[in-house]
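Numbering (the numbering used here), first residue to last: 6 to 109.
This report concerns only the one structure given below.
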């Protein structure tokens with residue numbers, strides 16, 4: 006299999022990996038309403054809200070590539086050499102390219 010990724014191509018996951026996307030407004034509101042947002046953390050500071058939601062991607066999973074070259078935030082850092090893909094359930098997420106092969 007080749008490793009060249011292009012927009013609208015199909016790719017297959019070769020290793021167990023995680024995918025992520027930014028939290029949406031509903032998820033953020035639910036976090037603020039939950040008990041996990043209340044109080045202080047172990048350092049005595051107020052808790053920071055989550056920035057991302059993570060998904061597991063199993064080997065053999067087929068994805069549709071929406072953007073082949075993206076640099077995206079993961080938590081509070083930037084990660085390069087990623088792709089924006091659509092999973093089979095319709096979820097649009099970011100993944101690292103090195104864990105995928107393109108399907109011709």
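All C-beta atoms, glycine included, are put in the ideal place defined by N, C-alpha and C.
Given the structure is predicted, the values throughout are model-derived calculations rather than measurements.
Counterpart residues of residue i in DSSP-defined beta bridges
| i | result |
| --- | --- |
| residue 102 | Its beta-bridge partners do not exist; DSSP assigns none. |
| residue 77 | 84 |
| residue 108 | 15 |
Terminal residues of the beta strand (DSSP E) in which residue i lies
| i | result |
| --- | --- |
| residue 85 | 82-91 |
Per-residue DSSP class, three states only, for residue i
| i | result |
| --- | --- |
| residue 94 | coil |
| residue 72 | strand |
| residue 62 | strand |
| residue 51 | strand |
Candidates the options: closest to residue i by CA position
| i | options | result |
| --- | --- | --- |
| residue 18 | 67, 75, 76 | 67 |
| residue 101 | 72, 93, 52, 95 | 72 |
| residue 60 | 81, 91, 52 | 91 |
| residue 28 | 108, 97, 109, 105 | 97 |
| residue 94 | 104, 79, 84, 69 | 69 |
| residue 79 | 25, 10, 9, 11 | 25 |
Continuous beta strand (DSSP E) assignments of at least 3 residues falling wholly in the stretch 8-47: The beta strand (DSSP E) runs lying completely inside the stretch 8-47 and spanning 3 residues or more are 15-18, 22-27, given in chain order.
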